[in-house]
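What follows is a short report on a single structure.
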């Protein structure tokens, strides 16, 4: 059971997978934050997908990302089913246009799109 992304802090950039996502974090029932990804800086060539991480409260750790590409299904940002997520402040570093769509759904405690 994954509870932390600690140990990944040294990663500064990522490419994208076959489905076009640079970051795809799905169904980690104990994961609370993404601070282990705080070393990421600049542009990611693919999209960002955060799905069904029911205890995730924060996207902190992603603030160094300044732009995103898009996935093969057309999304730059896809955030769904993260029941404890409160805001999108971890995405505050994003600037300019997104090349893909924005999908945010079923994040029942999300009270702010600030970020």
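Residue numbers (the numbering used here): 50 to 164.
Quick reminder that beta carbons are idealized off the backbone N, C-alpha and C, glycines included.
Note that this is a predicted model, so its numbers are computed, not measured.
Residue 79 is positioned such that its CB atom lies no closer than 8 Å to that of residue 106. Proximity to residue 124 across 148, 64, 75 peaks at 148, based on C-alpha coordinates. DSSP, read as helix, strand or coil, puts residue 115 in strand.
DSSP places residue 86 in the helix class (H, G or I) of the three-state scheme. For residue 155, no beta strand (DSSP E) segment is defined, and its DSSP state is neither H nor E.
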